[in-house]
Structure formats: structure tokens, C-alpha cells
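Peer 1: Those sequence lines, one after another, are chains A and B. The first sequence begins at 445 in our numbering and counts up one residue at a time. The second sequence begins at 445 in our numbering and counts up one residue at a time. All residues carry an ideal CB built from backbone N, CA and C; glycine is no exception. What follows is a single structure, and I will ask about it in a moment.
2 protein chains.
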Amino acid sequence: MNFKGKRQPVTIPRAAKTLRRTRIQEEKEEQILEAALDVFSASGFRGSTIDQIAEVAGMSKPNLLYYFRTKEAMHRALIDRVLYTWLEPLRAFDAEGNPEEEIRSYIRRKLEMARDFPRESRLFANEVLQGAPHIEDELKGPLKELVDEKAEVIRAWAKSGKITECDPYHLIFSIWSTTQHYADFDVQVRAVLGQEHAGEGRFEDAARFLEQLFIGGLRPDRSER
Amino acid sequence: MNFKGKRQPVTIPRAAKTLRRTRIQEEKEEQILEAALDVFSASGFRGSTIDQIAEVAGMSKPNLLYYFRTKEAMHRALIDRVLYTWLEPLRAFDAEGNPEEEIRSYIRRKLEMARDFPRESRLFANEVLQGAPHIEDELKGPLKELVDEKAEVIRAWAKSGKITECDPYHLIFSIWSTTQHYADFDVQVRAVLGQEHAGEGRFEDAARFLEQLFIGGLRPDRSER
DNA sequence: TGTAATGTTTACCAATCGGTCAAATTATCC
DNA sequence: GGATAATTTGACCGATTGGTAAACATTACA
């Protein structure tokens, strides 16, 4: 048996890879994921090509494939890295805090992420929009559990009269959708607002409006109906 | 010069095509666009292939290309056909009507469209998400004009005290995003709500919540701040 | 019923896709 | 400084991509 021609790349077993990592490995993987985020978020998984990512990363295609064996592996690594951060604002939702203030700051945080990390938002949007073929488990598992937990918090707030009675799940959905809209549909938002709102001011306007909407819409000090 | 080998397909000039259309032409084009909607809405433009569309349509690839000369032409035709219908609810927004009722029915209509025409919603979402390379003009032209017009209506309502003072553009954005969310992020919504909400009941729940949110959030009969 | 226009198919094309291979180059460590 | 491991590259693979050529089949119409 002669193995001299075929040497296994260092990176094959993911677990092993994390055990010992070269400086070069860390740098290059970082470089690749950065480029992959650019490309995947702009074209979705199926619409993206390894060549595109390679070009953006400024390295050759076989070199990419030395660090990530497949296109899927790149996508997977990207999702894994981004998912945790992405749910951070919801996790910060505090049952002990003041409901109005918690919702207000959740909206702010989500809007800031839409402004500062639009590619991450689009990465998920592309994925979910196309049926979430690669992150179904994450949605039905960790995500659902977290939302269930926070929905319970909201329900408790409503029960105790701190906010008006409402469906907590749809409240969360509506905060997600309104805030992420400014990342995912950025082109449309810009087109409709026109040149005069070309700056970043639209995020401040959005924050003002959304706070008004949600705080006003959920305030309990009003006879129902 | 000998042209006998090369016969121009009937369908080349779009204008001419609409002048005289065979029964077969209408049927087949309908069939193709139906299939194209399926595929494009699920994978975006770049992620879709003519072969996929051909398979869904149940015809051969060259046969598709007899009716639409390129993949772009199919996409274009689809966008054109869907865009008008898609903006219908906003167009129905009536300046003379009762503001609360107008907003309520706009939300209802948009939610019904998300429920009944999710593919159309996803077609646009995919397009906009990926930078709207094919519909930039429509966004900056007809769409912006329509929104500008309706924003003025909303502003007038606020001025006359019928609803609370608010940014009309962001109000429209938030209605778009919250309603279309149920089409575009359907997989996520289902995953989070879980099996128990597998039916169509979520649209009723969403309608109830969103009406509560928007009507409550915009009602003027409350001291500001 | 014949024929010209319309519609469909098979075979094919060059370009691009994701991915492999082995050789060449560079970094690391004793 | 030399051996060894890690990294990079160009050439290449079969499959798939969007699209074409031209023969073949069907329809519409005189």
C-alpha cells in the first residue's frame, strides 16, 4: 500500500481542525467566510458559485477547497457562526425588566443589526425564503425553543396587565419583519424613499416610527375595543 | 443568400407577438409562466435553471425557448404580469375613506395575498433581496410614485387628526413587511409555531394581532408621549 | 386536400459548474 | 539548515448550464 501521493488535508475532520489551528488557517478561513458572506448573502446558496467566492476572497478555487471541502461546508460554517450572534438580541429580552423598555430596546437592537450587519440578515433571509433547506433543524430546535421561552415572558406581562393582551408569537414576528425589512429590502426602501433620504437617517426615522407603533399599539391604559 | 435553413420564431418581437396570438401560444405561455413562478419564487433568478422550469411545465427545454427566447425573458414576463396585481391593494387605499377602516382592510388584503399568492410574494422578495437587478426601474418609477401618492394621503389624515402623527413611508414599510412575512418566511413561521398551528389559522391570528397593533398604535385619542 | 405557417424534438454546442489531482511552493520545527 | 508538514497552484474531470440548429410534426387556412 502506497499513500505518498495522497495526503489528507489537515482540515478534514472538523473536530480535529479546532484542536490545532495554524495562524494561516485562522486567517484564511476568516478571509474565506468573509467573502462567502458577501456572495451567499447576495445570491443565495444555489445562485452562488465557488469561483465567485474565490475571486472575492482573492485566492484560487482549489485553495478555498483546501480549507472547506465543499460549497456546503462553507455555507454551513457561515450559518453556524452567524446564528448565535443573530439571536443575541432576543436572548437579551429580560422577564424582570420593564416591558415597554424591553420591547423598545429590542427594536433598537434589531434595527442596529439591520444597519450594521445587513449581509448577515440577507444570508438568513435568502435561506428561509428558499425553504430553509440547510437550517431546518436550527429553526425547529433552538430557535423555536428560544421563541417559546420569550413568548411565555410576553404572555406573563400581558396577564399582569403591563401590556395589552396580544399573541406573543405574532408580536415577535412583527418585530422581526419590520426591523429586518431595512436590511433585506434595502434596495426597495432606498428606491421608495429616494435620493433625499440616501443617508443613514432612515434608520433613525424607522426607530422612531416603530417605537411609536409598538409602544402605542401595546399600551394597556386604554379601554379595549 | 440562402435563408431557408433559419426560420425566425414567431415570438421574437414582443410587440408583434401580442398582435396575433394562437390559442396554443396562449396556453403554452400560461403553462410556462406558471412553472416559472414555481421555480423562480423558490430559488431566485440565478438559482433557477431552464431545465427545472421545463420539467415543471412538462415540456422540453427547446420548446420553452421557442416561446421565451431567454431565461431573462421568462423572468421579465413573469414580473410584468405579477407587478400590477401585486400593487392593487395599495392602489385601493382611498383618501376619502375612513382611515382606520382603510388601514385595517389594507392589512387584511395584504395578508390574504400572502396566504393565497405566496409564490408571487417570494418572487419579489427574492428579486429585491438580491439587489433587484431586474426591477430597479419599476421600484424607482411606478412603485415610488404610488407610494409617494399614498404617503400624502396618510400625511393628510394625520394633519387633520384622524390618526396620530407618524412617518407615512415607514408605516407603509411596516405593513408590507409584517404581512409579506407570512409568505416570505413561511417556513420559519411554521417552524416556530410548531405542529399545533399547522393549519391556516395563523393567518387569522396574524390579522387579529396586526389590526390590534396598527389600529392601536395609530389611534389619535391619547395624549402624545 | 394541399401547403405554408406554426409548433416540437433530438442532437448538439461552448461555457461554467463543483470538485480532484499531483506537483510545486512555503512555513515550521528540531 | 535540512527534513517534514502545511499550503498553494495549474491542469483537468464529468456534469450541468443557457442556448442553437435543423429535422420533423402538427395546425390553420385557402
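#1: So, with DSSP's three-state summary, where would you put B/Arg513?
#2: Whole-angstrom Cβ separation of B/Val636 and A/Tyr613, contact assumed at under 8 Å?
#3: Please compile the residues from chain B whose C-beta is within a distance smaller than 9 Å of the C-beta of A/Lys588.
#4: B/Thr529 touches chain A at which residues, Cβ-Cβ below 7 Å?
#5: Is there a Cβ from chain A that is less than 8 Å from the Cβ of B/Tyr613?
#6: Helix, strand or coil for B/Met557, going by three-state DSSP, please let me know.
#7: Does any residue of chain A have a CB that is nearer than 8 Å to the CB of B/Asn542?
#8: In or out: A/Gly661 buried (at least 16 other Cβ within 10 Å) or exposed?
#9: Where does A/Ala569 land, buried or exposed, given buried means 16+ other C-beta within 10 angstroms?
#10: So, with DSSP's three-state summary, where would you put A/His578?
#11: Taking just the CA atoms, how far does A/Leu534 sit from A/Leu478?
#12: Taking C-beta to C-beta, are A/Thr493 and B/Ser618 nearer than 8 Å?
#13: Just checking: is the beta-carbon of A/Ser667 within a distance shorter than 8 Å of some beta-carbon in chain B?
#14: Using only the alpha-carbon positions, how far apart do B/Glu474 and B/Arg559 sit?
#15: Is there at least one non-hydrogen atom of the ligand GTP closer than 7 Å to the beta-carbon of B/Lys554?
#16: Does the distance from the CB of B/Ile491 to the CB of A/Gly488 come in under 8 Å?
#17: Does any residue of chain A bring its CB to less than 8 Å from the CB of B/Asn507?
#18: Is DSSP giving A/Thr493 helix, strand or coil here?
#19: Kindly indicate which three-state DSSP category A/Ser621 falls into: helix, strand or coil?
#20: Is it buried or exposed, B/Lys603, if we count other Cβ atoms within 10 angstroms and call 16 or more buried?
#21: Thinking C-alpha only, which one of A/Gln639, A/Trp530, A/Ala642 is nearest A/Leu590?
#22: Mapping the DSSP letters down to three states, classify B/Asn570 as helix, strand or coil.
#23: Is A/His519 close to chain B, meaning its C-beta is less than 8 Å from at least one C-beta of that chain?
#24: Can you say whether A/Arg467 is buried or exposed, counting buried as having 16 or more other CB atoms within 10 angstroms of its CB?
#25: Can you list, in chain order, the residues of its chain whose CB lies under 8 Å from that of A/Lys505, leaving out five sequence neighbours each side?
#26: Mind listing, in chain order, the continuous alpha helix (DSSP H) runs of no fewer than 4 residues lying wholly within the stretch 622-657 of chain A?
#27: Does DSSP put B/Arg525 in a helix, a strand or coil?
#28: Would you identify the three-state DSSP class for B/Pro664, choosing helix, strand or coil?
#29: For B/Pro586, count the other beta carbons within 10 Å of its own beta carbon; 16 or more makes it buried, fewer makes it exposed. Which is it?
#30: Would B/Arg566 be called buried (16 or more neighbouring beta carbons within 10 Å of its own) or exposed?
#31: Could one say the Cβ of A/Ser549 lies closer than 8 Å to chain B's Cβ atoms, at least one of them?
#32: Going by CA-CA distance only, name the one from B/Val597, B/Pro577, B/Leu573, B/Ile616 that's closest to B/Val629.
#33: Can you name the residues of chain B whose CB is closer than 7 Å to the CB of A/Val500?
Peer 2: Concretely, from the data shown:
#1: coil
#2: 7 Å
#3: Ala635, Val636, Leu637, Gly638
#4: Contact note: B/Thr529 does not reach chain A at a C-beta cutoff of 7 Å; the least C-beta distance is about 17 Å.
#5: By this cut-off, B/Tyr613 is an interface position.
#6: DSSP, reduced to helix, strand and coil, places B/Met557 within a helical segment of the structure shown.
#7: no
#8: A/Gly661 should be labelled buried.
#9: buried
#10: coil
#11: Per the sequence shown, the amino acid found at residue 478 of chain A is Glu instead of Leu. Each residue's Cα considered, the two are about 25 Å apart.
#12: no
#13: Below a pLDDT of 50, predicted positions are generally treated as unreliable, and A/Ser667, at 46, falls in that range; no measurement from the model is reported.
#14: 22 Å
#15: The model on display carries no ligand, and the ligand GTP is accordingly not part of it.
#16: At residue 491 of chain B the sequence reads Gly, which differs from the Ile that was named. Closer than 8 Å, so yes.
#17: no
#18: DSSP places A/Thr493 in coil when its eight states are reduced to three.
#19: In the structure shown, A/Ser621 sits in a helix (DSSP, three-state: H, G or I).
#20: exposed
#21: A/Trp530
#22: helix
#23: no
#24: exposed
#25: Ile494, Asp495, Ala498
#26: 630-637
#27: helix
#28: coil
#29: exposed
#30: buried
#31: no
#32: In the sequence on display, residue 629 of chain B carries Phe and not Val. Considering only alpha carbons, the answer is B/Leu573.
#33: Under the 7 Å cutoff, chain B gives no residues; its nearest Cβ is about 15 Å from A/Val500.
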